[in-house]
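Heads up: the sequence shown at position 342 corresponds to 341 in numbering that gives the first Met the number 0, and the numbers run straight through without jumps. Glycine included, each C-beta is placed from N, C-alpha and C at the ideal position. So the structure is just underneath, and the comments pick up after that.
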Amino acid sequence: MKKKIDVPIEESIRQKQIMDKLSVYIKGKKLKYHLSTFGCQMNAHDSEKLKGILEEIGYEATDQESDADFVIYNTCCVRENAELKVYGRLGSLKHNKKNNPNMLIALCGCMMQQDAVISKIKQTYRHVDILFGTHNLYKLAELIQTRLDTGKMVIDIWDNHKEIVEDLPSIRKFDFKASVNIMFGCNNFCTYCIVPYVRGRERSRKPEDILKEIQELVADGVVEITLLGQNVNSYGKSLDKPMSFAALIQAIEKIEGLKRIRFMTSHPKDLSDELIDVIRTSKKLSDHIHLPFQSGSTRLLQKMNRRYTKEQYLELVRKIKEANPNVALTTDIIVGFPGETEEDFEETLDVVRQVMFDNAFTFIYSKRTGTPAATMEGQVPEEVTKERFNRLCDLMNEVAAKRSGLKVGQVEDVLVEQVNRQDDSLVTGRISSNHIVHLKGTKVLIGKIVPVTIVENKTYYLLGESIQQA
Ligand code: 5AD
Ligand code: SF4
0 MKKKIDVPIE
10 ESIRQKQIMD
20 KLSVYIKGKK
30 LKYHLSTFGC
40 QMNAHDSEKL
50 KGILEEIGYE
60 ATDQESDADF
70 VIYNTCCVRE
80 NAELKVYGRL
90 GSLKHNKKNN
100 PNMLIALCGC
110 MMQQDAVISK
120 IKQTYRHVDI
130 LFGTHNLYKL
140 AELIQTRLDT
150 GKMVIDIWDN
160 HKEIVEDLPS
170 IRKFDFKASV
180 NIMFGCNNFC
190 TYCIVPYVRG
200 RERSRKPEDI
210 LKEIQELVAD
220 GVVEITLLGQ
230 NVNSYGKSLD
240 KPMSFAALIQ
250 AIEKIEGLKR
260 IRFMTSHPKD
270 LSDELIDVIR
280 TSKKLSDHIH
290 LPFQSGSTRL
300 LQKMNRRYTK
310 EQYLELVRKI
320 KEANPNVALT
330 TDIIVGFPGE
340 TEEDFEETLD
350 VVRQVMFDNA
360 FTFIYSKRTG
370 TPAATMEGQV
380 PEEVTKERFN
390 RLCDLMNEVA
400 AKRSGLKVGQ
410 VEDVLVEQVN
420 RQDDSLVTGR
430 ISSNHIVHLK
440 GTKVLIGKIV
450 PVTIVENKTY
460 YLLGESIQQA
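This is the structure we're talking about:
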């Protein structure tokens, strides 16, 4: 007689069963984990899911890597520096493992999606136990189980994945704010960027799944959410029933109890007039838009495959500022892209001066093997790039200080995040524009929205005084 096997239909249920099984094995052993996250907000959010799985299994978090029985690095490969850090730290883990032979080491995230990295780890870092990529992090429990069963290095890297696994456990850093993925992957292939190769093609989550997740978060006390995607402006195009990003925001806005909505990252070429109308009318969208421009030179933008010109970017900024005069704009800028001349760089400085960004992430171009820019002619010498980079940082500091100075005297709502680390008579939070504000207060204010008058500009943060309410 054939044995009847009960195969769970949903992957998340199957993983839950493996977590339950492992938790029986781990129970009472008091095992600890330490997770390090490299890179962007997407990775930070993925790490919340990894933590959720590890804690469901029964591991406890520790701040000390040297105390951990399970060490996991969620890696980034956008720039070379992030990769070098991982290799450096892996080297020293060898020593930790000698002291604690039962310790497990897992690596995941964007670096793992590159064949050359996997070969290097297989050859040089034999003490690593588990390698997995960006498409299958929901399988962490199963990979641990396989490692324990076989005693061998487990490697599970997928090229792409269409199915999006919902409903996995997750540990949030804050009780009152959360990030929510609305899409994965990227179709843009900017010529310097490795992301489309390691995160795969664009896939949007169904609006009903996103709304359900946010409703549950709000019921759990969350008042602010950040919608995450590599290019949120093209949300919904790949759905069976296409839906625009603007329409998604409008649906989310209706959720009662949700106070603030943020999103990142926007690609200028896809930011629609429909979204600008939502920016104009929304009561919940924050006064902050992150809009990477990368370079002010139209010639370089074309070589970067960004598909907008300097003028189109400036026009878009004009429309956004007209729709919301309080908007704070932040951006990403790359210095030293192949072929960048002094004139090209001057165009970048010109955009910074014209737009008056509130903040910018400034990057030195990093050559990524496999991307078209890596083989372009005219790679810029390091000393030239560094000198330009310093000039850009000086200008950005000046511009950011001017912008934050404009907040002095304004009344703003601070969502309080934590007690100030340097001075425990203060608490720290963010206002709608994402500026950091310190104000007098105690931990009872954490998670509350407190109206304040901004009284001083300290460039990297503002001081606020709480407005006594009648
Ligand atoms: N070199 C430098 N910066 C890069 N970025 C992406 N790829 C590279 C690279 N090869 C930057 C872009 C992007 C941000 C997330 O990282 O500015 O917007
Ligand atoms: Fe990279 Fe460009 Fe996609 Fe952003 S839009 S992830 S920079 S390819």
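When DSSP assignments are scanned along the region 293-357, the uninterrupted stretches of alpha helix (DSSP H) that are 4 or more residues long and fall wholly within it turn out to be 297-302, 309-322, 341-354. By the 16-neighbour rule on beta-carbons within 10 angstroms, Leu92 is buried. Proximity of the region 295-310 to the region 398-410 falls short of the contact definition, fewer than three beta-carbon pairs being nearer than 8 Å. The region 18-37 and the region 46-63 touch, with no fewer than 3 CB-CB distances between them shorter than 8 Å. CA-to-CA, the gap between Pro267 and Lys318 works out to about 12 Å. In this structure, the straight-line span from the alpha carbon of Ile254 to that of Leu216 is close to 11 Å. In this structure, the alpha-carbon of Thr427 lies about 36 Å from that of Ile163.
The alpha-carbon separation between Val194 and Gln311 amounts to approximately 24 Å. Following the DSSP letters along the chain, one finds Met263 inside the beta strand (DSSP E) bounded by residues 259-263. Distances from the CB of Asn230 to the heavy atoms of the ligand SF4 include at least one below 6 Å. The straight-line gap separating the alpha-carbon atoms of Ile278 and Met395 is approximately 25 Å. Contact between Ala327 and Asp286 is confirmed by a C-beta separation of about 6 Å, below the 8 Å threshold.
For Ala246, the enclosing alpha helix (DSSP H) begins and ends at 244-252. DSSP places Val383 inside the alpha helix (DSSP H), whose first and last residues are 381-404. Of all alpha-carbon atoms in Val221, Ala400, Lys240, Phe244, the one lying nearest the alpha-carbon of Asn230 is that of Phe244. Secondary structure note for Ser365: it is in no beta strand (DSSP E), with a DSSP letter that is neither H nor E. At least one heavy atom of the ligand SF4 lies closer than 6 Å to the C-beta of Val194.
Here the region 377-396 does not lie against the region 431-449, with fewer than 3 beta-carbon pairs under 8 Å apart. Under the 10 Å beta carbon count, Thr133 is surrounded by 16 or more other beta carbons and is classified as buried. Taken in chain order, the complete beta strand (DSSP E) segments of 3 residues or longer contained in the region 111-151 are 129-131. Inclusion of Arg367 in the 6 Å shell around the ligand 5AD follows from its C-beta lying nearer than that to a non-hydrogen atom of the ligand. Apart from the 5 residues on each side of it in sequence, Thr329 sits with its Cβ closer than 8 Å to the Cβ of His287, Ile288, His289, Leu290, Phe356, Asp357, Asn358, Ala359, Phe360, Asn433 in its chain, given in chain order. Within 6 Å of the C-beta of Pro100 there is not a single heavy atom belonging to the ligand 5AD. Rounded to whole angstroms, the Cβ separation of Gly235 and Leu247 is 7 Å, and the two are in contact under 8 Å. Taken through DSSP and simplified to helix, strand or coil, Cys109 comes out as helix. Around the beta carbon of Ile12, a 10 Å sphere encloses fewer than 16 other beta carbons of the protein chains shown; the residue is thus reported as exposed.
Residue environment analysis places Val23 among the exposed positions, since fewer than 16 neighbouring C-beta atoms fall within 10 angstroms of its C-beta. Judged by DSSP secondary structure, Asn180 falls within the beta strand (DSSP E) whose first and last residues are 176-180. According to the DSSP assignment, Tyr24 belongs to no beta strand (DSSP E) but to the alpha helix (DSSP H) extending over 10-25. Inside the region 52-108, DSSP marks whole beta strand (DSSP E) runs of 3 or more residues at positions 69-74, 103-108, from first to last along the chain. Counting only residues of its own chain and dropping the five nearest sequence neighbours on each side, Asn187 has a CB closer than 7 Å to the CB of Pro195, Asn230, His266.
In the three-state reduction of the DSSP assignment, Asn456 falls in the strand class, which pools E and B. Ranking Leu103, Leu348, Tyr137 by CA distance to the CA of Tyr124 puts Leu103 first.
Where Lys211 is concerned, the enclosing alpha helix (DSSP H) starts and stops at 206-218. In the three-state reduction of the DSSP assignment, Pro450 falls in the strand class, which pools E and B. Under the 10 Å beta carbon count, Pro100 is surrounded by fewer than 16 other beta carbons and is classified as exposed.
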